[in-house]
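Mapped onto the numbering used here, the consecutive letters of the sequence shown carry residue numbers 989 to 1147.
Just so you know, even glycine gets a beta-carbon here, dropped at the ideal spot from N, CA and C.
Here's the structure we're looking at; comments come further down.
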Amino acid sequence: MPKTKTEGLLFTTMMCFMMVLGMSTYNLIVHGAFSIMALLTGLIPGFVVAFILDVFIVGKVAKSVAFKLPINQEKMLHKILAISGCMVTGMVLCMSFYGVIYEQGFSSQFLAMYGRAILTNIVMALPLQLLIVGPISRKALATFQKISEKNRSVDVTLD
989 MPKTKTEGLL
999 FTTMMCFMMV
1009 LGMSTYNLIV
1019 HGAFSIMALL
1029 TGLIPGFVVA
1039 FILDVFIVGK
1049 VAKSVAFKLP
1059 INQEKMLHKI
1069 LAISGCMVTG
1079 MVLCMSFYGV
1089 IYEQGFSSQF
1099 LAMYGRAILT
1109 NIVMALPLQL
1119 LIVGPISRKA
1129 LATFQKISEK
1139 NRSVDVTLD
């Protein structure tokens, strides 16, 4: 888990980018519209929206809810699963809303399309987060933390 603001920013950026990349690819394939150009066109605005939602809204609410759940707070796996589950739920609700508006705008079919988008996205987002993106991000963060710790100990030794 991140211990500093820099680590938190790095971790959030990695998680967010990989989830947007994975979910954008998935949605383009599901809708029969995959191309590298379509992926690149939607990736940057999707990342920006997802990052803002994650940092300012969903992340705060998800952590608050996750820590109120009846889980064993001393077990890291329980905390990871609780936070990830809450984050995925919140981000799927928000990003499905964004995706429907981005692609279709508001119409008389908005609620039906939004509901379908939520169901379509949750099926992919949860395993993507739990099995691929989360473990990769946590491993990268741990590597960053080890390098930072080595650099700090070298700096202290040199003083």
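Proximity of residue i and residue j at Cβ, strictly below 9 Å
i	j	result
serine 1125	methionine 1011	no
leucine 1031	leucine 1009	yes
isoleucine 1110	valine 1076	yes
Burial state of residue i (16 or more Cβ within 10 Å)
i	result
leucine 1107	exposed
leucine 1119	exposed
alanine 1038	buried
valine 1049	exposed
leucine 1116	buried
serine 1023	exposed
asparagine 1015	buried
valine 1036	exposed
Residue i versus residue j - alpha carbon distance
i	j	result
leucine 1065	serine 1072	10 Å
isoleucine 1059	serine 1052	13 Å
threonine 994	glycine 1122	18 Å
proline 1033	phenylalanine 1132	27 Å
glutamate 1091	cysteine 1074	26 Å
methionine 1083	alanine 1105	9 Å
Limits of the unbroken alpha helix (DSSP H) element including residue i
i	result
proline 1033	1024-1041
proline 1115	1098-1115
valine 1018	993-1018
Continuous alpha helix (DSSP H) assignments of at least 4 residues falling wholly in the stretch 1038-1094: Fully enclosed alpha helix (DSSP H) runs of 4 or longer: 1047-1054, 1064-1092.
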